[in-house]
Amino acid sequence: MTAILIQPGQCPVEQPVLQLTPQKLIRGEAVRSVQQLVNFWQDFWAIGTPLATDGVYGPKTQAAVKSIQCMAFLTVDGIVGPQTWGFLCKGFENLPTLKMGSTGSFVTRLQAALRAEGILPSFGIDGIFGQDTDRSVRFFQQELRQIGLAIAVNGVVNAEIWAQLSRRTTRFRACGVVSNNNE
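Heads up, the sequence shown is in this note's numbering, so the first residue is 82 and it goes up one at a time.
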């Protein structure tokens with residue numbers, strides 16, 4: 082029997098909340114889907130060891146989920162809830178588009194990533210997308226253009242900018258993961 086591999090865009094209709102508890106391991110097709118999607122994203126970033134797609138949500142699956150959550154700028158709790166399912170299934174398209182005037186936890190995560198890149202002053206992490214954040218995003222976008230990517234320099238953080246930020250060495254360090262690439 083050949084296993085059907087699930088990739089982003091091909092997610093199961095039922096997406097239950099999955100959480101490791103000391104009392105009970107979670108088993109089933111939803112877990113198998115998560116494991117396949119985690120493997121896809123680990124391959125995208127060239128991190129981790131592929132998970133066995135055994136349908137058991139145990140410590141290894143939880144640890145891999147936490148790595149994906151961190152790399153994707155999500156809350157790192159090891160729980161596969163709506164936000165994590167959304168990212169696993171839709172990728173960076175599921176993250177909010179941010180621009181001048183945006184506020185909240187995703188702005189704070191963006192600012193921390195820009196700070197790690199050395200392009201946002203340390204006093205600039207406040208959860209408010211203001212002039213300093215706008216200037217830093219435009220600087221990052223200009224860097225991407227200089228390496229040949231067709232990126233608009235407009236201060237808007239969309240799926241492509243999230244993806245590019247996630248692939249930076251500073252993100253790997255922030256998340257405590259090591260690339261499998263020998264670069």
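We put the CB at the ideal spot given by N, CA and C, even for glycine.
Cβ shell of residue i (< 6 Å), same chain only, five flanking positions each side left out
i, result
"Ser183", "Phe210"
"Ala84", "With a pLDDT of only 42 at Ala84, under 50, the local geometry of the prediction cannot be trusted, and the value read off the model is given with reservation. Nothing meets the Cβ criterion."
"Lys147", "Val157, Gly159"
"Arg108", "Gly136, Val137"
"Glu264", "Note that Glu264 scores 48 on pLDDT, short of 50, meaning its location in the model is unreliable; the coordinates nonetheless yield the value given after this. Closer than 6 Å at Cβ, skipping near neighbours: no residue."
"Gln100", "Ile160"
"Ala240", "Phe173, Glu174"
Environment of residue i [buried if 16+ CB atoms lie within 10 Å]
i, result
"Ser114", "buried"
"Ser203", "exposed"
"Met152", "buried"
"Leu230", "exposed"
"Ala258", "Looking at the sequence itself, residue 258 is Val, so the reference to Ala does not match. So Val258 counts as buried."
"Val313", "With the chain running from 82 to 264 in the structure shown, residue 313 is simply not present."
"Ala233", "exposed"
"Ala111", "buried"
For residue i, the three-state DSSP class (helix, strand or coil)
i, result
"Ile242", "helix"
"Arg248", "coil"
"Ile128", "strand"
"Asn262", "coil"
"Leu155", "coil"
"Ile232", "coil"
"Val137", "strand"
"Val161", "strand"
"Thr189", "helix"
C-alpha distance - residue i paired with residue j, whole-angstrom precision
i, j, result
"Leu132", "Gln212", "42 Å"
"Pro103", "Ile160", "14 Å"
"Leu172", "Cys92", "The sequence shown places Gly at residue 172, not Leu. C-alpha separation (whole angstroms): 11 Å."
"Glu174", "Thr156", "17 Å"
"Ala127", "Ser247", "12 Å"
"Met181", "Thr214", "8 Å"
"Leu169", "Phe253", "18 Å"
Distance CB(residue i)-CB(residue j) smaller than 7 Å
i, j, result
"Val188", "Gly208", "yes"
"Leu106", "Gly139", "yes"
"Val119", "Ala145", "yes"
"Thr134", "Gln116", "yes"
Own chain residues within Cβ distance below 7 Å of residue i, not counting five before or after
i, result
"Ile200", "Ser217, Phe220, Phe221"
"Val98", "Ile160, Val161, Gly162"
Sequence-distant residues of its chain with Cβ nearer than 8 Å to residue i (five each side left out)
i, result
"Met82", "The predicted position of Met82 is uncertain, since its pLDDT is 32 and thus under 50; a value taken from the coordinates is nonetheless stated next. Cβ neighbours of Met82 beyond the five flanking positions: none."
"Arg226", "Ile232, Val234"
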